[in-house]
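S.K.: The structure under discussion is supplied below as structure tokens; questions concerning it will follow.
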Amino acid sequence: PHANEIPASPGAHLLLGVPHLDEMLGGGLPRGHSLLVAGPSGSGKSIMATAFLEEGARCGETGVIAFFEQRPHRSREGVIRDLIATGCVAEVDTQAADLSIDEIVFQLVQEIRRLKATRVVIDSLSGFELVLAPTFREDFKESLLRMVAALERTGVTVLMTSELEDRYTDLRFSPYGTAFLTDAIIVQRYIEIGSRLRRVMAVVKVRGSQHSNELREYTIDDDGLRIGEMLEDQEGLLGGRPTHRRETGR
């Protein structure tokens, strides 16, 4: 089908709206899947989430977004406001303090049903934890599991963001040990090569679907994320310690 047409089959993929990223995912994100986008501050997680909702609107789909911390980047906030104003996206009110997990899930499901939404964004998990009442923070993994399960029952496709510390040297994708809850993971991080700070991205997993194992450099401009070429001459990038790959003789 055409890139802007909604696939008819129930098992079809949804496009994320970031050129080349859908190719890396193996044709987009399978419908009904949950995706965790993990990266450090400023890596473009919220920009990707906005593109996901914007692409949905282009395809005639509706979405729901819950901001649990800072507002999106100014260039992206205008896009979100336009989507809300035109009825393509609903925003869940997360300003109340000490919410129960049931209150949050109720609001999300209510908006999903009202809009007949197919896409949901949770931005971000760290902010989500902070708005919960202390009782629910004590076992945040259980609270998150309940929310993801409730969203899955509605059939929506979910994109969640998670803050990842810049200095990590192992492949932990969230401080909560929640990577197993999601069907797909995209990791972003900063690396230093030649005394310059660069951004890289990789698709770590897509459950039940083939995907690229390439590590791609990407940039951010006023139009969003731009994914570039694979970094073929470096290794150890995701571990934060890039080294130049040595040529091996034949």
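In our numbering, the protein residues as written are 16 to 265.
All residues carry an ideal CB built from backbone N, CA and C; glycine is no exception.
Report the option in S58, E76, G54, G59 whose CA atom is closest to the CA atom of L30.
M.R.: E76
S.K.: So, under 8 Å CB-CB, T176 and V146 are touching, yes? Tell me the CB distance rounded to an integer number of Å.
M.R.: So it is not a contact: roughly 15 Å between Cβ atoms.
S.K.: Which of helix, strand or coil does DSSP assign to A27?
M.R.: In the three-state reduction of the DSSP assignment, A27 falls in the coil class.
S.K.: By the 10 Å Cβ neighbour count, where 16 or more other Cβ atoms means buried, how is S139 classified, buried or exposed?
M.R.: buried
S.K.: Are there three or more Cβ pairs, one per stretch, closer than 8 Å when the region 77 to 84 is compared with the region 93 to 107?
M.R.: They touch, by the three-pair rule.
S.K.: Near R241, what residues of its chain come up, given a Cβ to Cβ distance below 7 Å and the 5 sequence neighbours on each side ignored?
M.R.: Y233, T234
S.K.: Within the same chain, show all residues whose beta-carbon is closer than 6 Å to that of C103, passing over the 5 residues directly before and after it, in chain order.
M.R.: A72, T77
S.K.: Does the Cβ of R134 have 16 or more other Cβ atoms within 10 Å, making it buried, or fewer, making it exposed?
M.R.: buried
S.K.: Which partner residues of V7 appear in the DSSP bridge assignment?
M.R.: Outside the modelled stretch of the chain, which goes from 16 to 265, sits residue 7, for which no answer is possible.
S.K.: Rounding to the nearest angstrom, what Cα-Cα distance links V277 and S115 in this structure?
M.R.: Only positions 16 to 265 of the chain appear in this structure, which leaves residue 277 out of reach.
S.K.: Run through DSSP, which three-state label would S141 get?
M.R.: helix
S.K.: Take L68 as the anchor and find which of F121, F83, L98, G47 has the nearest alpha-carbon.
M.R.: L98
S.K.: Determine whether the beta carbon atoms of D48 and V221 lie at a separation below 9 Å.
M.R.: Per the sequence presented here, residue 48 reads as His, with Asp not at that position. Taking 9 Å as the Cβ cut-off, H48 and V221 qualify as a contacting pair.
S.K.: Relative to the C-alpha of F195, which candidate in P45, I206, L159 has its C-alpha closest?
M.R.: Distance from the Cα of F195 is smallest, within the candidate group P45, I206, L159, for L159.
S.K.: Between Q122, V171, E229, L44, which has its C-alpha nearest K131's C-alpha?
M.R.: V171
S.K.: I'd like to know whether the C-beta atoms of I119 and F143 end up nearer to each other than 9 Å.
M.R.: yes
S.K.: Kindly list the residues whose CB is nearer than 7 Å to the CB of L44, restricted to its own chain and excluding five residues on each side of it in sequence; keep chain order.
M.R.: Leaving aside the five residues that flank L44 on each side, the residues in its chain whose CB is nearer than 7 Å to its CB run, in chain order, H28, L29, L31, L50, T172, A199.
S.K.: Is it buried or exposed for S210, if we count other Cβ within 10 angstroms and need 16 for buried?
M.R.: exposed
S.K.: What do you reckon, are the CB atoms on M63 and L174 nearer than 9 Å?
M.R.: yes
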